[in-house]
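Student:
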Amino acid sequence: MNTARRTLSFGDEAGIAARFPEQFRPDWIKRAKLVGGLTLAAAVFVFGLIRLEIPFDRLFSGTGRLIEFLGLMLPPDPGSWQLAQVYLQAMGETLAIALLGTLGGALLAFPISFLAARNVLRIRPLQLLTRRLLDMVRGVDTLIWALIWVGVVGLGPFAGILAVMCSDLGNFGKLFSEAFEAADDKPSEGVKATGGSHLHSVRFGMLPQVVPILASQVLYFFESNTRSATIIGIVGAGGIGLQLAEQIRVLEWQKVSFLILMILVTVAAIDWISSKLRFAIIGRKAVA
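Under the UniProt record's numbering, read the sequence shown as residues 1 to 288, first letter to last.
1) How should aspartate 168 be labelled, buried or exposed, when 16 other C-beta atoms within 10 angstroms of its C-beta is the threshold for buried?
2) Indicate whether phenylalanine 114 and valine 191 have their beta-carbon atoms separated by less than 9 Å.
3) Give the straight-line distance between the Cα atoms of glutamate 53 and valine 46, rounded to the nearest whole angstrom.
4) Check whether the region 114-123 and the region 176-185 are in contact - that is, three or more C-beta pairs closer than 8 Å.
5) Give the single residue among Ala245, Pro55, Phe221 whose Cα lies nearest to the Cα of glycine 105.
6) How many Å lie between glutamine 247 and isoleucine 281 at the Cα?
7) If alanine 109 sits next to alanine 237, beta carbons under 8 Å apart, how far is it from one beta carbon to the other, in whole angstroms?
8) With a cut-off of 8 Å, do at least 3 Cβ pairs link the region 91-99 to the region 74-83?
9) Considering only residues of the same chain and omitting the five flanking positions on each side of arginine 249, which have a CB-CB separation below 8 Å?
10) Among residues of its own chain, excluding the 5 on either side of leucine 189, which ones have a beta-carbon nearer than 8 Å to its beta-carbon?
11) Please list the terminal residues of the continuous alpha helix (DSSP H) segment that includes aspartate 185.
12) Can you give, in chain order, each stretch of the alpha helix (DSSP H) that sits fully within the region 71-150 and has at least 4 residues?
13) Which residues bound the alpha helix (DSSP H) around isoleucine 54?
14) Of all the CB atoms in chain D, is at least one closer than 9 Å to the CB of proline 76?
15) Starting from the Cα of tyrosine 87, find the closest Cα among Leu242, Ser275, Trp272 and give me that residue.
16) When you compare the CB positions of glycine 101 and aspartate 135, do they come within less than 9 Å of one another, or not?
17) Should glycine 160 be labelled buried (16 or more other beta-carbon atoms within 10 Å of its own) or exposed?
18) Mind checking leucine 38: buried by the 16 CB within 10 Å criterion, or exposed?
19) Hey, out of Arg138, Ser197, Met91, Val235, whose CA is closest to isoleucine 270's CA?
20) Quick check on leucine 242: does DSSP put it in helix, strand or coil?
21) Helix, strand or coil for glutamate 252 per DSSP?
22) Using alpha carbons as the reference points, say which of Lys186, Gly64, Lys174 lies closest to leucine 128.
23) Taking C-alpha atoms, which residue in Ile232, Leu219, Trp253 lies nearest to serine 274?
24) If distances are taken between C-alpha atoms only, which option among Leu107, Phe172, Asp185, Leu155 comes closest to glycine 233?
25) Less than 6 Å between C-beta atoms, sequence neighbours within five positions excluded: which residues of the same chain meet that for leucine 261?
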């Protein structure tokens, strides 16, 4: 009987299409928009390649040079045990820069994000001003912040911590405020219905919903900032990036590959640990 119904259903497709022609008629306008959008994107891409005069011949001719560099990098070698200890200490500095910068940015952004959330702050001009200030801070890249703070406080990991903190302040402020705005209003309304104030509704109705999300975001940014701290070290903000830049400058390619391998292993370990912690916070089991 089920087979008969299935056969009847398939056999009625032509009849259904005849009864409802508007539902089965091709939407040529939508298709034209799709084709036009793809054509425009392809045209912009080709124009960019032509306008910037991308030297593809150099790319192909440089492939042999790249293979030569890879050959010089093998096998990875720190040079000596004393240098390996220096590199491990530099890697620790990089992790410290990422951790302190991430935590500092999160702690500063947490109270500011209340001012940027529409459902928390009722004063619209102050809320808009806070959002624009966060946009200004977020609009400056971490590397630019590193160059600024190196000029202000000098070389070293302190400049790196301040750079990561400033960059994350804008990012966390936006993400935290959006998490507040996406929270369910029913728990907050329930708190108000029992006689609670607006502050009570935020504390007991909204925060319990968003705290796991905020913690997950902080963990993800710590993982991401470990890579960023490596880059800003190249401009003098301390850490493993400074060691990497020095070895590239003196063409010690085996030491360069050793440092790159250290960075890859460290980032992979942090990625695995932070993934486990994020899933533990949100209450789901991580997929191995």
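For every residue, glycine included, the Cβ atom is placed at its ideal position computed from N, Cα and C. All values derive from a computational prediction rather than experimental measurement.
Tutor: Once the coordinates are examined:
1) buried
2) no
3) 11 Å
4) yes
5) The residue with the shortest Cα to Cα distance from glycine 105 is Phe221.
6) 40 Å
7) With a Cβ gap of about 21 Å, alanine 109 and alanine 237 do not count as contacting.
8) no
9) none
10) With the sequence shown as reference, residue 189 is identified as glutamate, and leucine is not the correct amino acid for it. Cβ within range, chain order: Ser201, Gly205.
11) Boundaries of the alpha helix (DSSP H) harbouring aspartate 185: 185-193, taken from the DSSP string.
12) 81-116, 124-138
13) First-last for isoleucine 54: undefined, no H or E at that position.
14) Here chain D cannot be found, since the structure has a single protein chain.
15) Of Leu242, Ser275, Trp272, the residue nearest in Cα terms is Leu242.
16) No. Outside cutoff.
17) By the 10 Å Cβ count, glycine 160 comes out buried.
18) exposed
19) Met91
20) helix
21) coil
22) Ranked by how close their Cα comes to the Cα of leucine 128, the residues Lys186, Gly64, Lys174 have Lys174 in first place.
23) Leu219
24) Closest by alpha carbon: Leu155.
25) Taking C-beta separations shorter than 6 Å and ignoring five residues to either side along the sequence, the partners of leucine 261 in its chain run Pro76, following chain order.
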